[in-house]
Structure formats: structure tokens, C-alpha cells
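Colleague: One structure is given below, represented as C-alpha cells, and several questions about it will come after.
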Amino acid sequence: AAKRKGRAAYQFASALMNEAAIDRLQIETSLRRAIEQQALRLEYQPLVHLASGRIVGAEALCRWDDPERGAVPPGLFIPIAEDCGLIEALGGWVLKTAALQLRAWHDAGHTELMMAVNLSARQFQRGVVLQQVEDALVTSGIAPDRLELELTETVLLHDGDAVMATLRRLKALGTKLSMDDFGTGYSSLAYLRRFKFDKIKIDRSFVCDLIDDPDNAAIVRGIISLAQSLGLSVLAEGVETDAIAQRLKHLQCTFAQGYLFDRPLRPEDFGARLGTP
Ligand code: C2E
Ligand code: MG
Ligand code: MG
Ligand code: MG
567 AAKRKGRAAY QFASALMNEA AIDRLQIETS LRRAIEQQAL RLEYQPLVHL
617 ASGRIVGAEA LCRWDDPERG AVPPGLFIPI AEDCGLIEAL GGWVLKTAAL
667 QLRAWHDAGH TELMMAVNLS ARQFQRGVVL QQVEDALVTS GIAPDRLELE
717 LTETVLLHDG DAVMATLRRL KALGTKLSMD DFGTGYSSLA YLRRFKFDKI
767 KIDRSFVCDL IDDPDNAAIV RGIISLAQSL GLSVLAEGVE TDAIAQRLKH
817 LQCTFAQGYL FDRPLRPEDF GARLGTP
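Here it is as C-alpha cells:
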């Protein structure tokens, strides 16, 4: 009986695995089509200056509304795009679209606004990202220092020299570098200096229970003072309550982002939020 049960469990597990593999293949196929047909879109989440409450920038976040699956979260489709070689095309489209959107807001008089774009480690592997950033800057005509590239620590784990060279050239173009999800990865402090990052984004996981968890409070405090002493600017992700925003302000965190202020917005809604300059 035990043996039979074992075999049944095995067959069940392997059926599940098959299903997962098939599902993934289908997602890959639909995603490829969505990229080709430009069926992806971007939402923009306000980046807020805590002391004044002013919107200083936007983070571009990729959205995919699949006709059959509905909204597929980027946490699901970005890793798939990375694995099946679609991330370069997707990433190039994101850079160009976000830069053109920023140009439109600049032209509407919001001249100080900056745009943050997420880059995956995979986009660095063949160095195409440098050309894509240059193209986005040329096409849009935005100043390079208005574009902030968000990288996670995993980028720095890949082929050190090649990544290093690309990051140097991105800095030479004048773009800003931001360390995303800080505290969740390897967080080598030496990297922050070596790669000349401009900003640290404190990961949401530390921010969300800043009030109740003394350990997280200590981590957040530590990251803010680290940023200050390295001359980096600092933003807290995932700010959902006013109490957290107040505490962050008290801790001298300069920037924040989160549902308390705004969810990621469609471009027209972001424009409405900006109001008249
Ligand atoms: P991320 O870069 O850390 O982006 C912030 C994520 O936190 C976004 O999730 C945003 O919607 C969410 N968020 C913002 N404020 C709050 C809050 O107050 N509470 C909570 N619970 N969540 C909040 P989203 O849009 O699902 O994106 C997830 C991740 O997917 C991003 O994390 C980023 O790593 C990746 N991603 C999204 N768009 C792109 C893209 O165009 N290219 C690349 N390479 N990655 C992307
Ligand atoms: Mg990000
Ligand atoms: Mg983040
Ligand atoms: Mg994150």
C-alpha cells in the first residue's frame, strides 16, 4: 500500500511539474507575442520628497495584460523574459518608452522630474544595455542625469569585469545609478563605492514593519546613516502608512515611495497627479 501510495504521489508530482512546464512554455509564447505586438505597457509610481511631499520622479513598472490570463505580475514574467532571452528586447522597449514619457512631462513644464528604470542582471551580460540607454537618451532628448537606472545586488554578482566596464560607461554618459531592494542581497558596501551608486532604495521588507520590529528599525536607521556618510541619497520603498512616513522623516530619510502616496499609475493618471507646473 505504501508503495502504491508512493507511486501515486510521484505521478501526481510529475503531472504537476508537467503542467508547470507547459504553463511556462505558454507564458513564454504569449510574452514573446506581447513584446512583438507592443502589447506591454508601463505604469509610473511617484517618488516623493518626504519633507515637502513633492513628487520628484517616477519609477517605470512594466505591465502585461494578457488576453487570457489577465494581468500577469512582473515578478512572474520578468524572470521568464530573463530566462528565455526576451529581456533585452523588453528592456530596450522599457527604456525608450519611459524616456519618451519623461520627455513629455518635461515638455509639459515638469522640468525637474526624473525617471527611474529597472534593469536586470541579464541585460548586462551582452552589454547591449549601454547602446539601449544611449538610444533612449538620443531619441527622447532628456538630460542623462534625469535618468536613474535601478539595479539589484545580483547584477554585481555576475561577471565582475564586464559589468564594471558597462556601469562605468553608463556613469560616463551621466546617468544615475540606484541600488534597488537594498539589504536583501549581498549588500557589499564596497560595491556601493566601487560602482559609484548615487542612491540606495531600502527594501520594502525592512520598511513595512519599521514601527513594530526593533530589528528592522535598526536596519533602516543603519542604512540611512550609511547612505549619509557615503554621500548617497536614500529612498524607502513600500511606505504604506502615515506612521511609517513620519518615522522615516524623523530618521532623515529623504525620499519615499509607496501606496500611502500612490500606487503605480497609468501615464494619464500620473500626469493628473502632477497637476499644472
Ligand atoms: P521593484 O523595482 O522593487 O519595484 C517596486 C515594487 O513594489 C513594484 O511592484 C511596486 O508596485 C511595489 N510597491 C510599491 N509601493 C508599494 C507598497 O506600498 N506596498 C507594496 N506591497 N508594494 C509596493 P511590481 O510593479 O509588481 O514590480 C515587481 C518587480 O518587478 C520590481 O520590483 C522589479 O524588480 C521588477 N520589474 C518591474 N518592471 C520591470 C522592468 O521594466 N524591468 C525589469 N528588469 N524589472 C521590472
Ligand atoms: Mg525598482
Ligand atoms: Mg525595489
Ligand atoms: Mg522590490
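The sequence shown begins at 567 in the UniProt record's numbering and counts up by one.
Think of the CB as a built atom: it goes at the ideal place given N, C-alpha and C, for glycine as much as any other residue.
Since we're looking at a predicted model, the values are computed, not measured.
1. Where DSSP assigns a beta bridge to Arg629, which residues make up the other side?
2. Between the C-alpha atoms of Gly749 and Leu597, what's the straight-line distance to the nearest angstrom?
3. Go to Phe748, then tell me how far its alpha helix (DSSP H) extends in each direction, as first and last residue.
4. Hey, His672 and Ile644: beta-carbon distance below 9 angstroms or not?
5. Per the DSSP calculation, Lys767 is bridged to which residue(s)?
6. For Leu652, collect the residues of the same chain with a Cβ closer than 7 angstroms to its Cβ; drop the 5 residues on either side in sequence, then sort them by chain order.
7. Compute the beta-carbon to beta-carbon distance between Leu613 and Ala624, rounded to the nearest angstrom, for a pair I have assumed lies under 8 angstroms.
8. Output the boundary residues of the alpha helix (DSSP H) element that contains Glu654.
9. Measuring from the CB of Arg829, is there a heavy atom of ligand 1 at a distance below 8 angstroms?
10. Tell me the residue span of the alpha helix (DSSP H) that contains Val683.
11. Three-state secondary structure (DSSP) at Gly837?
12. Report yes if the CB atom of Asp774 is closer than 9 angstroms to the CB atom of Gly740, and no otherwise.
13. Below 8 angstroms, is the gap between the Cβ of Glu803 and the nearest heavy atom of ligand 3?
Modeller: Quick answer:
1. Arg607
2. Each residue's Cα considered, the two are about 31 angstroms apart.
3. Boundaries around Phe748 are those of the beta strand (DSSP E), 742-748, since no alpha helix (DSSP H) includes it.
4. no
5. Leu801
6. Leu597, Arg598, Ile601
7. 6 angstroms
8. 653-673
9. Distances from the CB of Arg829 to the heavy atoms of ligand 1 include at least one below 8 angstroms.
10. Careful: Val683 lies outside any alpha helix (DSSP H), inside the beta strand (DSSP E) at 680-684.
11. helix
12. It is worth fixing the name first, because residue 774 is Cys in this sequence and not Asp. Their beta carbons are not under 9 angstroms apart, which means Cys774 does not touch Gly740 by this criterion.
13. yes
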